[in-house]
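Under our numbering, the first residue of the sequence shown carries the number -19, and numbering increases by one thereafter.
Glycine included, C-beta positions come from ideal geometry on N, C-alpha and C.
For clarity, every value in this text was computed on a predicted model and none was experimentally measured.
Right, one structure below, let's go through it.
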Amino acid sequence: MQATSPYQDEIALLETKTRQLDSEIEKLMVQRAAYQRQINGMQAATAKLPSEILSAVFQDCSRSRKRLLTLGAVCSQWRAVAWSTPKLWNECDLYFSWQEVFRWQVDALKLWFNNCQPFGLSLSLWFAKETDDEEEAYHWLEDDPSPEVASDEEFLDMVFKENPQNLCALTINYFPSGWRSRLVDCLLAGKLTNIRTLDATNFTYSADLAGIQEADPSGTPSLTKLILRCDPIDQSFGEKTFDAFPLSHLTSLELYGVESKTALDLLLQLSNLRSFACRRLPSSHIAHIQNRDVIELPNLLELEWDFHNDEWTLFLLNNVRLPSLRRLFWNYHWQPEWDGWSHHLPPPNNLVVNFLSSLSKLKVFLGASNIFWLHPTQNGLLAALSQGLEELHLLELDEVLSYDDFTDVLEFLTLRDQNSHEYLYSHKPPRWNFPHLKKLVFDTSCVKDLYSDRDEDDFDPLCSMIESRKNDAVEEAGDGNNDSERLCRKPHLEVMQFKAYSLNGWNRLSRLFNAFQEDFEDLETEGVSIEAEKANGEIWPWYYFV
């Protein structure tokens, strides 16, 4: 006979409670794992990045199908962020390497259009038969050995028929057969109602494209920025082209390859412009403005102009006042179409000095001409710039620039007060040129001799100039009421940049950075960022070269 425990009922009750606890513990573990996943998601790198950076990642990945698939497969956090953040779908870049539209590009663009609301889509269409970018070439060739090709009409219908109201910006660098007429038709039909920026290469509006329909600029009421890159030999481009746009609404206009007459007339007529840039061609029709009085453009903040020694530049220097100008690009883009040796020379020195001196609010100056390098103390051109300057770019130098010319510019830019090392030991007079300068940019031509057959001491002019502008705390005497000394800040040069436009310039910088590695390490730790910019706009820190 089996003995029964006097605690049988209590044991059964406790076993039941134990099973209940096991069940509750399992539920809590499941709940805990869910919470932990949420914590991990919030701590993921994607969750910490601002939406602007994530948007740039998505925009870069639109270049190839492989990149899109890779992005989606990285982790669930990427997908969660993508579907929940419309701002990530604002910009899309599509590259057509063989002037063919691939099926995956149509699908990708459809995805971008479906998710870009309510902000709209900024669409860039780039055509190229070949590329010198090895990474891009790899993606184009390895993306799919035999990609499925879609029709141009299907792609154009999606852009100009189904989604024109969703376009807030459009950039296109080439018009295959039929593409230009579709854009013109869309403009004339008034469908691009929300487009704010249009950047088109070899765009023309002509009777052949428009038929009997007249251009109605009211069809693009939101357009404020227009960039037209024209082929100088394209005879169909002319003043009629501008009839398709609401010029009076524009705040930014960039023209490349237009006649000087057209460029200057538009600059003087469009009073709402905040930014104007042009690369112009010669023109002989200046008589209509030669007798005009002084013209003031109070709203213009940014100007890029080809400052050749011609009637158009002389008129600009003599007769146009720019009291609000903040940014000036003094370009000297020589064109073989220019007739006469005088056009290859800079304008008279006194006119340049007077013009630059009048720009009291100038903050950024880009000088793509040797005249700003040669004898800066004697010719007075750099000294004529506003002392409130924050960025100085000295670019596109000829091979005639010598090492002495470069050191003269560095000497001009070196700050010297009565407490500075250079003042105390050289007895040179104090100098305080551009005390608010934050960014200094040099063309790589200026450094071609700095690393070859020279001692490190020969590099002192550049190091001394940067040293004089680093962010040091400077002690000042107390006021006599207490023993503490006040601290003030010297002007701080934040960025020293070298531009490399070619492979030769890139190699030149590599040798320079390797030769003076220790100097740059010291300057970097003292708060000055030293970097190089490639022709495509990529920025590389100096230490990538060593």
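Quick one, which of C210, K220, L233 and K241 has its alpha-carbon nearest L203's? Stepping through the sequence shown from its first residue, residue 203 is reached at position 223. The shortest Cα separation from L203 among C210, K220, L233 and K241 belongs to L233.
Going by the DSSP bridge assignment, what does E4 pair with across the sheet? On the sequence shown, position 24 is the one that residue 4 refers to. Within the DSSP bridge table, the entry for E4 names no partner.
Taking only the alpha-carbon atoms, compute the straight-line gap between A14 and Y(-13) and give it to the nearest angstrom. Within the sequence shown, numbered from 1, the residue matching residue 14 stands at position 34. Within the sequence shown, numbered from 1, the residue matching residue -13 stands at position 7. Straight-line spacing of the CA atoms in A14 and Y(-13) works out to 40 Å.
Among the residues of its own chain, which have a CB less than 7 Å from the CB of N329, if the five just before and after it don't count? As a working mapping, residue 329 is identified with position 349 in the sequence shown. Counting only Cβ-Cβ distances below 7 Å, and skipping sequence neighbours, we find N359.
Beta-carbon proximity of T177 to C148, cut-off 9 Å: Stepping through the sequence shown from its first residue, residue 177 is reached at position 197. Stepping through the sequence shown from its first residue, residue 148 is reached at position 168. Their beta carbons are under 9 Å apart, which means T177 touches C148 by this criterion.
Three-state secondary structure assigned by DSSP to P441: Start at 1 with the first residue of the sequence shown, and residue 441 comes out as number 461. Of the three classes helix, strand and coil, the one that applies to P441 here is helix, per DSSP.
Just to confirm before moving on: does the CB-CB distance between G485 and T424 stay below 9 Å? Position 505 of the sequence shown, counting from 1, holds the residue named residue 485. Position 444 of the sequence shown, counting from 1, holds the residue named residue 424. A Cβ-Cβ contact shorter than 9 Å links G485 with T424.
Taking a contact to mean a Cβ-Cβ separation below 9 Å, would you say L393 touches L420 in this structure? Stepping through the sequence shown from its first residue, residue 393 is reached at position 413. Stepping through the sequence shown from its first residue, residue 420 is reached at position 440. For L393 and L420, yes; Cβs fall inside 9 Å.
Residue ranges of each beta strand (DSSP E) run of no fewer than 3 residues wholly in the segment 340 to 398, ordered along the chain? Counting only runs of 3 or more residues that sit fully inside the segment 340 to 398, the beta strand (DSSP E) segments are 344 to 347 and 371 to 374, in chain order.
Contacts around P278, its chain only, beta-carbon distance under 8 Å, and the 5 residues preceding and following it disregarded: Here residue 278 is taken as the residue at index 298 of the sequence shown, counted from 1. Once the five neighbours on either side are set aside, the close Cβ partners of P278 are P303 and S304.
Under the three-state reduction of DSSP, which class applies to W92: helix, strand or coil? Locating residue 92 in the sequence shown gives position 112, counting from the first residue. In this structure, W92 counts as helix in the three-state DSSP scheme.
Is DSSP giving Y75 helix, strand or coil here? Taking the first residue of the sequence shown as position 1, residue 75 is located at position 95. Looking at Y75 - three-state DSSP - the assignment turns out to be strand.
Should G517 go down as buried or exposed, given a rule of 16 or more other Cβ atoms within 10 Å for buried? To locate residue 517, count along the sequence shown from 1; it is residue 537. With fewer than 16 other Cβ atoms inside 10 Å of its own Cβ, G517 counts as exposed.
Rounded to a whole number of angstroms, what is the C-alpha to C-alpha distance between T181 and S104? What you label residue 181 is simply residue 201 of the sequence shown in a count that begins at 1. What you label residue 104 is simply residue 124 of the sequence shown in a count that begins at 1. In this model, T181 and S104 are separated by some 12 Å (Cα to Cα).
Collapsed DSSP secondary structure at V274 in the structure displayed: Within the sequence shown, the letter at position 294 stands for residue 274. In the structure shown, V274 adopts coil according to DSSP, grouped into three states.
Start and end of the beta strand (DSSP E) containing N311? In the sequence shown, the residue the question calls residue 311 occupies position 331. From DSSP, the beta strand (DSSP E) with N311 extends over R307 to N311.
Going by other Cβ atoms of all chains shown within 10 Å of its Cβ, with 16 needed for buried, is Q85 buried or exposed? Here the question's residue 85 lines up with position 105 in the sequence shown. Q85 is buried by the Cβ-count criterion.
Shortest alpha-carbon distance to V81 belongs to which of V37, K67, V129 and L91? Reading the sequence shown from its first residue, position 101 is the one you call residue 81. The shortest C-alpha separation from V81 is found at V129.
Output the distance between the C-alpha atoms of T357 and A363, rounded to the nearest integer angstrom. The count along the sequence shown starts at 1 and reaches residue 357 at position 377. The count along the sequence shown starts at 1 and reaches residue 363 at position 383. When the Cα atoms are used, T357 and A363 turn out to be separated by approximately 7 Å.
Would a C-beta distance cut-off of 9 Å place F548 and L163 closer than the cut-off? This structure gives no information on residue 548, because the portion of the chain shown stretches from -19 to 526.
Distance CB(V389)-CB(R449) smaller than 9 Å: Your numbering for residue 389 matches position 409 in the sequence shown. Your numbering for residue 449 matches position 469 in the sequence shown. R449 sits away from V389, with the two beta carbons spaced by 9 Å or more.
Using beta-carbon positions only, say whether L361 and V344 come within less than 9 Å of one another. Here residue 361 is taken as the residue at index 381 of the sequence shown, counted from 1. Here residue 344 is taken as the residue at index 364 of the sequence shown, counted from 1. Going by C-beta atoms, L361 is not nearer than 9 Å to V344.
Where does Q18 sit, in a helix, a strand or coil, going by DSSP? As a working note, residue 18 is residue 38 in the sequence shown. DSSP places Q18 in helix when its eight states are reduced to three.
By a C-beta neighbour count over all protein chains shown, 10 Å radius and 16 as the cutoff for buried, is S322 buried or exposed? As a first step, residue 322 must be located in the sequence shown, where it is residue number 342. Unreliable positioning characterises S322 in this predicted model, as indicated by a pLDDT of 48, which lies under 50. A coordinate reading is not provided.
Could you check how far apart the C-beta atoms of D512 and W522 are, in whole angstroms? I think they sit under 8 Å. Taking the sequence shown and counting its residues from 1, the one referred to as residue 512 is at position 532. Taking the sequence shown and counting its residues from 1, the one referred to as residue 522 is at position 542. Before going further, note that residue 512 is Ala rather than Asp in the sequence given. Confirmed, Cβ separation roughly 7 Å.
W78: which of D132, S338 and E282 sits nearest, CA to CA? Sequence index remark: in the sequence shown, residue 78 carries index 98 (1-based). When only C-alpha atoms are compared, the closest one is D132.
Would you say the segment 250 to 257 touches the segment 224 to 231, given that touching needs at least three Cβ pairs under 8 Å? The segment 250 to 257, when compared against the segment 224 to 231, does touch it at the 8 Å Cβ threshold.
Pull up the distance between the alpha-carbon of F372 and that of R396, whole angstroms please. Translated into the one-based positions of the sequence shown, residue 372 becomes position 392. Translated into the one-based positions of the sequence shown, residue 396 becomes position 416. The displayed chain sequence assigns Leu, not Phe, to residue 372. Cα to Cα, the separation comes out at about 19 Å.
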